[in-house]
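Per this note's numbering, residue 249 is the first one in the sequence shown, and the count goes up by one each step.
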Amino acid sequence: MNRLFLSRLWLDGLTAGLLLLGFAYWWLGNLVHEVAGTAMFLLLIAHNVFNRRWWGCIAKTRREPRSLFNVGVTFTLLGAMLALLVTSVLISNALSPFLPPWGGFTVRQIHTLAAYWVLIIVAIHLGLRWPMLMGVARNLFGITTPSALRTLALRVVALAIALHGVWSCTVLGLGGKLSMQMTLDWWNFEESVAGFFAHCAAIAGLVMVVTYYGLKLVQQARQSTSRTKPADERPQSAAQG
Numbered sequence: 249m250n251r252l253f254l255s256r257l258w259l260d261g262l263t264a265g266l267l268l269l270g271f272a273y274w275w276l277g278n279l280v281h282e283v284a285g286t287a288m289f290l291l292l293i294a295h296n297v298f299n300r301r302w303w304g305c306i307a308k309t310r311r312e313p314r315s316l317f318n319v320g321v322t323f324t325l326l327g328a329m330l331a332l333l334v335t336s337v338l339i340s341n342a343l344s345p346f347l348p349p350w351g352g353f354t355v356r357q358i359h360t361l362a363a364y365w366v367l368i369i370v371a372i373h374l375g376l377r378w379p380m381l382m383g384v385a386r387n388l389f390g391i392t393t394p395s396a397l398r399t400l401a402l403r404v405v406a407l408a409i410a411l412h413g414v415w416s417c418t419v420l421g422l423g424g425k426l427s428m429q430m431t432l433d434w435w436n437f438e439e440s441v442a443g444f445f446a447h448c449a450a451i452a453g454l455v456m457v458v459t460y461y462g463l464k465l466v467q468q469a470r471q472s473t474s475r476t477k478p479a480d481e482r483p484q485s486a487a488q489g
């Protein structure tokens, strides 16, 4: 497998890790939080430079649901990231001596809102690419033959992660954070640090599972509809045209 491709995947994984790390503000403190956020945005710039061909081919995107959904998710993620970046600058302690005092309470709320939406949208982004990631895993572990038992085991693991993610949504009060509601539902890092990251990862896992299997069901439904469509309703071939 291409080493450059693998290096890019590791950098993307590091970016996702820094995103999760950024949620633990009250454990890290402001300095580490800002350093982690800066590193994450630098890695995001590198990610987009590596994928610049994709941006150049947007106009040629196939007009089918999955491709259009992928483009929509990417642009939504771009908007959320820009909101996160702008609010990061406005509330930065390191930059505050050089900026007007715009980083008030509302801006901090928007920053938190954008961060949690970024988590959700990144998980959707990964769910769309899950078949590719599984292909990479198969190549790395030298798996060349299908296995019904392995498939079943992976689906059980996916179900367990999804169920944990549902529970994690309630534990972290995700609904309030995604709607910018006032909440005192903050994690106590003195009791557990690993538990917080496990809940965040489980929420991401839930969204990835829903995205992957949801699109799979939609694709199967479309194929089933296409097979059962009467012959006179199907597109005519070029030869018949």
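The beta carbon of each residue, even a glycine, is placed where N, CA and C say it ideally should be.
Under the three-state reduction of DSSP output, G320 falls in the helix class. Around the Cβ of H373, a 10 Å sphere holds 16 or more other Cβ atoms; the residue is buried. When rounded, the separation of the alpha-carbon atoms in M380 and P349 is 45 Å.
With a contact defined as Cβ atoms closer than 8 Å, L367 and C448 qualify at about 7 Å. Segment contact: the segment 351-363 against the segment 324-335, three or more CB-CB distances shorter than 8 Å; contact assigned. In the structure shown, the three-state DSSP call for F437 is coil.
Collapsing the DSSP output to three states places W303 in a helix. Between I451 and S474, the C-beta gap is not smaller than 8 Å, which leaves the two residues out of contact. Considering only I369, A385, S472, the residue with the shortest C-alpha distance to V455 is I369.
Around the beta-carbon of K464, fewer than 16 other beta-carbon atoms lie within 10 Å, marking it exposed. The continuous alpha helix (DSSP H) containing E282 extends over residues 278-298.
Between V457 and A410, the beta carbon gap of about 4 Å places them in contact (Cβ cut-off 8 Å). A residue is called buried when at least 16 other Cβ atoms come within 10 angstroms of its Cβ; T431 does not meet this threshold and is exposed.
Here L376 really is in contact with T459; their C-beta atoms are around 6 Å apart, less than 8 Å.
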